[in-house]
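S.K.:
Protein chains in written order, with my numbering: chain A, 607 to 1018; chain B, 607 to 1018.
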């Protein structure tokens, strides 16, 4: 871990040494933020270095990562997803410039692969033999997918209610899946106990400080793919808040390394039923449990596990937060697919729904340059896609029937 | 269409001029093969040109395509998928060298995006206003996805039995979906009639000569990503045979352009219930209808629509064909996911199941260099994934229950 100097508690600001394993969280309960020796980072990572590096994965940013580009890293071909110009969607929203960071194009179809790759590479570097996590969704399928490539064993804890379709992907990759007769919180707690009992490495979001270090690479790529011109706003779907805090840390670290000269404003995009971060930002900054009920399962959270860092990131960026009802999320899935050909899961489409609201409300000016994170593929949740999609026209198999249909459509 | 000189009938060898639109198939019924002016191609496409071209899409091969890298092409960011080393799977199959061309990483999650991109770019170049096709699967979702990005209108004809989950993706992209009370063949026929009646551009596989021109770019990339060292064998899932004939044309065109100096052998990979090409190759070369019944829906075909070209390609390459039952396809889905972290749909896993058989039967020697095409994402068919995946372990939410489970697993 060459340039990593400490893990700093976001609550009490105490610095822990990275070697003091397994330092997942501070004794005070605060999450940990990785610190780097930026003098050394600057010597190894410059615009000139990047211009000549043929590596088209997140490992091109190795000096700003907690683990080396090593043997296992080469198998974890994650990152460098497309940054798509979105002129048709921009015109629809009344925006001057909009780009989409298309994270659906990762090996397991979501941004979580960035977190999984770094967590796994750290686990291999530490000589761990098994990585565990509690999740029913993208974090688990990403961990299982990437671990299969490096030969790491994985155990995934899920609640009894976990949908069989989501379990299929995790099981197919060969993960051991433990379904507990109980809630998600009970699965999470059993995962913690099991890691202590058996010495497994714990990848849980918020708890493990290195998932954020993986997620921050999406900001490095946004900056580099825009020729180091930082956008005015970045729109980020928010559940646990770990992607948002990662996005912020990416821009902050890149500025500290001298690669960019300013920071963007962040828009936290939430579902109305899962709006703990939005409520905290509108109120006293404190996080309180909400129902967590939304069609956008990847950001359906009662009490965000990295919420403190997320609230701090939005405030530091002078950004904003917006929460939208599920109907607007489904409408945004359609709009995004029809204008830009991107098939997003509901959590990802939430970014577009909230961006639309923020422009309407004047929170984001129309002449701003905006990048929205499309965090996961719509293929992961075809049930929601069916709700958003509409229905086909059913006709008899002859040209006369087709002609009647076309005439009817033209009249409307 | 700068270097395209003619469309040659694969049955009667007659050359049609590309301007003689809409020349989909020859009057004799044979499919058409695009011909190029290779003297001109060589002046614009060399290893030196490619080494300095920053374009990481299939448009880097524009001199060997039937349409220019134009305004719409820039929006169709298809191609340059990863070629993954697969050492763990190679070891399992007893092969010295195996690579996977990971076509699951395309915008709509399948290799069909290559065909859709070229068909759409041709349609735009011809000034067409609507593209139609008959399909329930990857070809339709790819066309709808890419057309949304270029603003082209699309009409998709599907049989009444089309699964709602597959229709959802097509509908979400804004395609007009016509569901006919009848079979797939009736939907196909109505699509033909509608294109004649309304002057729409027909993208149907086999019928449209340019889908093959899109699919051939996968071979260009395999060659270039291997530093122009052609592999001994390429394994291709075969339904209609259009991907196989495209793969072969890619290597043939690249050799004619002086970019490679030899051709690979092709293994046609089929499901036992959909083995028309395999039967033709084992028999008199003639294609006869089969049941087309297999879990691998993307290669489930009664009479292959580009079967003649596929049979010719395997023979010219001195290759082979193998067909496997559905159980072996499901087992290959598991094997591929567990050894290499790639989640393939059944049609794509058929490549691995047939490769395993071909190695066992000595059709492919163990010291051969092999590339297998992983043609589509497993997320497109979660129902099949659930059949292949196995089941989780259900326990009470306490450490004692977990310990009992782990002890039982260790005893086994």
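In this text, a Cβ means the ideal position worked out from N, Cα and C, and glycines have one as well. In this text, all values refer to a predicted model and were calculated from it rather than measured experimentally.
1) Which same chain residues end up closer than 7 Å to residue 719 of chain B when comparing Cβ atoms and leaving out the 5 residues on each side of it in sequence?
2) Taking C-beta to C-beta, are residue 644 of chain A and residue 915 of chain A nearer than 7 Å?
3) Using a Cβ-Cβ cut-off of less than 9 Å, list which residues of the region 804 to 838 of chain A approach chain B; keep chain order.
4) Report back the beta-carbon spacing between residue 859 of chain B and residue 976 of chain B to the nearest angstrom; my notes put them in contact at under 8 Å.
5) Need the endpoints of the alpha helix (DSSP H) that residue 854 of chain B sits in, please.
6) From what residue to what residue does the alpha helix (DSSP H) around residue 917 of chain B run?
7) Distance, Cα to Cα, residue 854 of chain B vs residue 883 of chain B?
8) List the residues that DSSP assigns as beta-bridge partners of residue 980 of chain A.
9) Would you report the Cα separation of residue 990 of chain B and residue 955 of chain B, rounded to the nearest angstrom?
10) Helix, strand or coil for residue 651 of chain A? Go by DSSP, reduced to three states.
11) Let me see if you follow: with CB-CB separation under 7 Å, is residue 784 of chain A close to chain B or not?
12) Would a C-beta distance cut-off of 7 Å place residue 681 of chain A and residue 755 of chain A closer than the cut-off?
13) Could you give the DSSP three-state label for residue 637 of chain B: helix, strand or coil?
14) Provide the residue span of the alpha helix (DSSP H) that contains residue 698 of chain B, from first to last.
15) What does residue 683 of chain B touch in chain A if you count any residue whose Cβ is under 8 Å from its own?
16) Indicate whether at least one CB of chain D lies closer than 7 Å to the CB of residue 999 of chain B.
17) Which of the three DSSP states, helix, strand or coil, is assigned to residue 1009 of chain B?
18) Do you know offhand how far residue 670 of chain A's Cα is from residue 624 of chain A's?
19) Output, in sequence order along the chain, the residues in the region 936 to 947 of chain A whose CB is closer than 8 Å to any CB in chain B.
20) Let me know the alpha helix (DSSP H) ranges lying completely inside the region 744 to 819 of chain A, each 4 residues or longer, listed in chain order.
21) Would you report the Cα separation of residue 641 of chain B and residue 874 of chain A, rounded to the nearest angstrom?
22) For a quick check, are the C-beta atoms of residue 805 of chain B and residue 904 of chain B less than 7 Å apart?
23) What would DSSP say about residue 831 of chain B, mapped onto helix, strand or coil?
24) Under 8 Å by Cβ, that's how I've got residue 912 of chain B and residue 812 of chain B pegged, so tell me the actual separation to the nearest angstrom.
25) List the residues of chain A that residue 988 of chain B touches, going by C-beta distances under 8 Å, in chain order.
26) Grouping DSSP H, G and I as helix and E and B as strand, with all else coil, what is residue 686 of chain B?
27) In chain B, which residues lie less than 9 Å from residue 983 of chain A when you measure between Cβ atoms?
28) Of all the CB atoms in chain A, is at least one closer than 7 Å to the CB of residue 758 of chain B?
29) Going by DSSP in three states, residue 620 of chain A sits in which element: helix, strand or coil?
30) Between the region 789 to 800 of chain A and chain B, which residues of the former have a C-beta closer than 9 Å to a C-beta of the latter?
31) Please report whether the beta-carbon of residue 751 of chain B lies at a distance below 7 Å from any beta-carbon of chain A.
32) From the beta carbon of residue 701 of chain B, is the nearest beta carbon of chain A less than 7 Å away?
33) Under three-state DSSP, which class holds residue 730 of chain A?
34) Grab the span of the alpha helix (DSSP H) containing residue 884 of chain A for me, first residue to last.
35) From residue 881 of chain A to residue 968 of chain A, what does the alpha carbon distance come to, in whole angstroms?
36) I'd like the span of the beta strand (DSSP E) that includes residue 609 of chain A, first residue to last.
M.R.: Well, looking at it:
1) Answer for residue 719 of chain B: 684, 712, 713, 748 and 752, listed in chain order.
2) no
3) 804
4) Incorrect: roughly 22 Å between the Cβ atoms, too far for contact.
5) 848 to 862
6) 913 to 922
7) 15 Å
8) A:708
9) Rounded to whole angstroms, the separation of the alpha carbons of residue 955 of chain B and residue 990 of chain B is 11 Å.
10) Reduced to three states, the DSSP call for residue 651 of chain A is coil.
11) yes
12) Cβ distance < 7 Å, so residue 681 of chain A and residue 755 of chain A count as in contact.
13) strand
14) Segment 693 to 699, the alpha helix (DSSP H) holding residue 698 of chain B.
15) 688 and 690
16) Checking the listed chains, one finds no chain D in this structure; the protein chains it contains are A and B.
17) helix
18) 15 Å
19) 939, 940, 943, 944, 945, 946 and 947
20) 744 to 756, 770 to 778 and 790 to 804
21) 53 Å
22) no
23) helix
24) Contact flag correct, Cβ pair sits at about 4 Å.
25) 771, 774, 775 and 988
26) Note: residue 686 of chain B maps to coil in three-state DSSP.
27) By Cβ distance, chain B contributes 715, 983 and 985.
28) no
29) Three-state result, residue 620 of chain A: coil.
30) 789, 792, 793, 795, 796, 799 and 800
31) Closer than 7 Å: yes.
32) no
33) helix
34) 882 to 888
35) If you take the alpha carbons of residue 881 of chain A and residue 968 of chain A, they lie about 20 Å apart.
36) Careful: residue 609 of chain A lies outside any beta strand (DSSP E) and carries neither H nor E.
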